[in-house]
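Enquirer: Structure in structure tokens, see below.
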Amino acid sequence: MSISMRPSQALRLWQQVMLAQVRDGEPDLTMRQTAILFTIYLDPPPHTVRGLAAKLNVTKPVITRALDTMGALKLVSRHRDELDKRNVLIRRTVEGALFVERFGDGIVARALELPI
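In this text, residue positions in the sequence shown follow the working numbering: the first is 8, and each later residue adds one.
What follows is the structure in structure tokens.
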């Protein structure tokens, strides 16, 4: 499905989605953390610190700090790769899947409220 939107409408939609996130008491993720989280949930696994850093064009410590925060919120979990102990695999969690689903539902709901 394709939609046509003016830049001002896209910005209003993004504002309304962000306001809803803040008001609903959802975890307060940075833009970078959100990008990492969506990459983990929307792109097929496996996900590694190294792979995420390359995809987002940031350093491995940036990914590690974001994962520390998201791990504390139970949005993702980390495990050593049994085949290569140097790698850390990032896994999805039920809590994280529900967060991403609610986020998507919020985007749809706010989009339906946009004036034509």
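We treat Cβ as the ideally placed atom computed from N, Cα and C, and that holds for glycine.
Which residue comes first and which comes last in the beta strand (DSSP E) that contains arginine 98?
Expert: 95 to 99
Enquirer: With the cut-off set at 9 Å, would you say glycine 103 and leucine 63 are in Cβ contact?
Expert: no
Enquirer: What are the start and end residues of the beta strand (DSSP E) that includes valine 83?
Expert: 83 to 87
Enquirer: Just grab the DSSP bridge partners of threonine 55 for me.
Expert: Leu96.
Enquirer: Straight-line CA distance for alanine 73 to arginine 99?
Expert: Distance between the alpha carbons of alanine 73 and arginine 99 is about 14 Å.
Enquirer: Are the CB atoms of valine 69 and arginine 39 within a distance shorter than 9 Å?
Expert: yes
Enquirer: Is the Cβ-Cβ distance between glutamine 95 and arginine 85 less than 9 Å?
Expert: It should be pointed out that residue 95 corresponds to valine in this sequence rather than to glutamine. Yes, they are a contact pair.
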